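Residue numbers (the numbering used here): 2 to 151.
Each residue gets a CB set at the ideal place from its N, CA and C atoms; glycine is no exception.
It should be emphasised that the depicted structure is a prediction, and the values quoted were computed from it without experimental measurement.
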């Protein structure tokens with residue numbers, strides 16, 4: 002149990018220290034990657050991101066909600082090969098319901114207040130990745146899995 006708490010702490014620290022992530026979606030068997038601004042809930046169960054409804058990633062999620070989101074600590078130095086940490090969050094993404102939107106917006110805008118006009122635009126969708134599993138890679142090839150209870 003102590004190891005799980007330590008892993009959850011490391012994952013949470015990384016997610017709160019970074020502002021950008023790579024979102025992977027797919028449609029018709031073709032993967033698609035997008036650089037995204039994100040925020041995470043305190044319990045690590047949801048990762049929030051926003052996009053306009055006219056984007057390919059939104060269309061991909063509408064067709065298949067299974068996504069992966071990669072966040073890492075790299076600095077583009079040689080030391081990253083053994084020192085960087087990467088976390089992949091796996092789960093399903095969906096647009097936040099009208100009932101949840103204000104509460105979720107508080108979390109998102111606390112992290113990215115400069116995006117208030119964008120995320121409140123009628124063409125913008127606020128999405129939530131409901132995380133099922135995190136995979137953390139450290140020391141180049143050490144992989145650890147953190148499953149979140151449903």
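With distances taken between CB atoms, is the gap from residue i to residue j smaller than 8 angstroms?
i	j	result
residue 17	residue 41	yes
residue 64	residue 28	yes
residue 50	residue 106	no
residue 52	residue 69	no
residue 145	residue 48	no
residue 9	residue 147	yes
residue 1	residue 139	A query on residue 1 cannot be resolved here, the shown segment of the chain reaching from 2 to 151 and no further.
residue 15	residue 72	yes
residue 93	residue 74	no
residue 110	residue 120	yes
Sort out for me which residues DSSP pairs residue i with in a bridge.
i	result
residue 4	In DSSP, residue 4 forms no bridge with anything.
residue 19	Note: residue 19 sits in no beta bridge, so no partner.
residue 26	33
residue 109	For residue 109, which the question treats as bridged, DSSP gives no partner whatsoever.
residue 138	87 and 144
residue 127	51
residue 12	Paired residue(s): none; residue 12 is not in a bridge.
Going by CA-CA distance only, name the one from the options that's closest to residue i.
i	options	result
residue 124	80, 46, 55 and 8	55
residue 6	108, 45 and 22	45
residue 32	75, 138, 119 and 58	58
residue 135	108, 113, 91 and 96	91
residue 62	85, 74 and 95	95
residue 130	23, 116 and 15	23
residue 36	103, 43 and 26	26
residue 142	117, 98, 81 and 110	81
residue 101	112, 77 and 126	126
Can you tell me where the beta strand (DSSP E) with residue i in it begins and where it stops?
i	result
residue 38	31 to 38
Taking the alpha helix (DSSP H) that residue i falls in, what are its first and last residues?
i	result
residue 118	117 to 120
Compare the C-beta of residue i with all C-beta atoms of chain C and state if any pair is closer than 8 angstroms.
i	result
residue 31	In the structure shown, chain C does not exist; there is a single protein chain.
**Prompt:** Going along the chain, which unbroken runs of the beta strand (DSSP E) with 3 or more residues stay wholly within the segment 46 to 99?
**Reply:** With a minimum length of 3 residues, the continuous beta strand (DSSP E) runs that stay inside the segment 46 to 99 are 47 to 53, 67 to 73 and 87 to 96.
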